[in-house]
Every structure is written in C-alpha cells, then in structure tokens.
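So the structure is just underneath, and the comments pick up after that.
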Amino acid sequence: MSLYLLSEGLTLFGLLSGAYQSLKALRRQERHSDCHKVLKFWAVLGSIILFEQYVEGFIAWLPFYYWIKCSVVGALLLPKAQLHVVAFESIVLPLIDNVDGYYRDTMKPELLRLAGMYGQWLHQAVMQIALPTLSDKELDKLERDLKQRLADIEAARKAREDEN
Numbered sequence: 001m002s003l004y005l006l007s008e009g010l011t012l013f014g015l016l017s018g019a020y021q022s023l024k025a026l027r028r029q030e031r032h033s034d035c036h037k038v039l040k041f042w043a044v045l046g047s048i049i050l051f052e053q054y055v056e057g058f059i060a061w062l063p064f065y066y067w068i069k070c071s072v073v074g075a076l077l078l079p080k081a082q083l084h085v086v087a088f089e090s091i092v093l094p095l096i097d098n099v100d101g102y103y104r105d106t107m108k109p110e111l112l113r114l115a116g117m118y119g120q121w122l123h124q125a126v127m128q129i130a131l132p133t134l135s136d137k138e139l140d141k142l143e144r145d146l147k148q149r150l151a152d153i154e155a156a157r158k159a160r161e162d163e164n
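For the sequence shown, the UniProt record's numbering assigns the number 1 to the initial residue and increments by one for each residue that follows.
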C-alpha cells in the first residue's frame with residue numbers, strides 16, 4: 001500500500017513539476033528548444049497516466065510492480081538525466097505510429113463504411129424529429145442547403161459519367 005501511495009505521489013509530483021517546467025519555458029526568451037523538451041515530458045507523463053488508468057488494474061498484482069513503477073517515474077523526473085526524451089523517442093513515438101497505422105488501415109475504412117450504412121438512416125430519423133420544430137426561416141435555409149447539396153450530387157454524377 002505504501003508503494004502505491006508513493007507511486008501516486010510521484011505522479012502528482014510529475015504533474016506539478018511539468019507545470020512548473022512549462023511555465024519556466026514559456027517565460028524564457030529562447031523557447032523553442034525548451035518547449036520541445038517540456039512537450040516530450042508531457043507526452044511521456046500523459047502516456048504513464050493513460051497506462052495507469054486503463055492497464056494498471058490488470059498488472060498491479062505482479063510482484064514488485066509498484067517498486068518498478070516508482071523507480072521508472074522517479075527516474076523520468078530527474079531533470080539532468082533527460083530520460084523523458086529517451087522514453088518519448090523509443091516508446092511513445094513508435095507506439096503512436098503503430099496506433100496511427102492501425103487506425104488509418106483498419107479502423108477508418110470500417111468507420112466510413114458504417115457511417116455510409118447508417119448515416120442516411122440516422123439523417124432521416126433526425127429530420128423527422130426536427131422538421132416539425134423548425135421555424136419558417138430555418139425551413140427556408142434548410143431547403144436552400146438541400147438544393148445546393150442536390151446540385152453538387154448531380155454535378156458529381158455528371159463528372160463520373162463524363163469520365164467513363
């Protein structure tokens with residue numbers, strides 16, 4: 001229990017330390033290099049907090065988990081060691097690249113497919129609910145917008161036919 005409290009205290013100290021370092025970097029004249037270091041620190045600390053939030057409950061029972069976690073967070077907080085830069089470049093960036101690739105290759109096409117499948121149904125349901133509540137001015141604006149969309153659709157269809 002004491003190591004758990006220590007890990008929470010170190011995380012809180014990391015948040016306060018990061019806020020202080022951010023304020024110092026923003027007050028300096030040469031901000032560019034300091035800001036990169038501070039942003040890398042925040043990215044690493046944010047990753048640790050996300051890890052705590054969603055994964056820690058599954059692995060906290062492992063022996064020496066909190067001891068290892070306290071050591072890692074404590075080492076990341078040492079300003080001279082610059083371990084947050086190493087952690088950012090060797091752990092956070094590759095992880096983000098993998099997640100981005102998975103989203104781009106797998107999730108985004110599936111989300112677009114689902115949006116196309118259910119988007120029209122959702123639009124019709126919302127319109128049935130909203131139309132009776134719209135004022136005459138809002139109905140006129142909606143009519144103009146729909147006519148413009150219809151013209152855009154007809155132009156796109158004509159452009160496809162001309163290509164074929």
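Just so you know, even glycine gets a beta-carbon here, dropped at the ideal spot from N, CA and C.
With the cut-off set at 8 Å, would you say residue i and residue j are in Cβ contact?
i, j, result
"S135", "V92", "no"
"I59", "Y65", "yes"
"L10", "G57", "no"
"S7", "C70", "yes"
Label residue i either buried or exposed according to how many other C-beta atoms from any shown protein chain fall within 10 Å of its C-beta, with 16 as the threshold for buried.
i, result
"S2", "exposed"
"A156", "exposed"
"A25", "buried"
"G14", "buried"
"H84", "buried"
"residue 210", "Examination of residue 210 is not possible in this model, given that the chain is present from 1 through 164 alone."
"A87", "buried"
"L16", "exposed"
"L150", "exposed"
"L146", "exposed"
"L76", "buried"
Could you pull the start and end residues of the alpha helix (DSSP H) that residue i belongs to?
i, result
"N98", "93-102"
Determine the direct distance from the alpha carbon of residue j to that of residue i, and round the result to whole angstroms.
i, j, result
"D140", "E110", "35 Å"
"E154", "Q120", "18 Å"
"E143", "I129", "16 Å"
Report yes or no: do three or more beta-carbon pairs, one from the segment 120-135 and one from the segment 74-91, lie closer than 8 Å?
-> no
Examine the Cβ distances between the segment 104-119 and the segment 42-56 and report whether three or more of them are shorter than 8 Å.
-> no
Using 8 Å as the threshold, is the segment 36-43 in touch with the segment 97-108, meaning 3 or more CB pairs across them?
-> Taking a contact to require three or more Cβ pairs closer than 8 Å, the segment 36-43 and the segment 97-108 do not qualify as touching.
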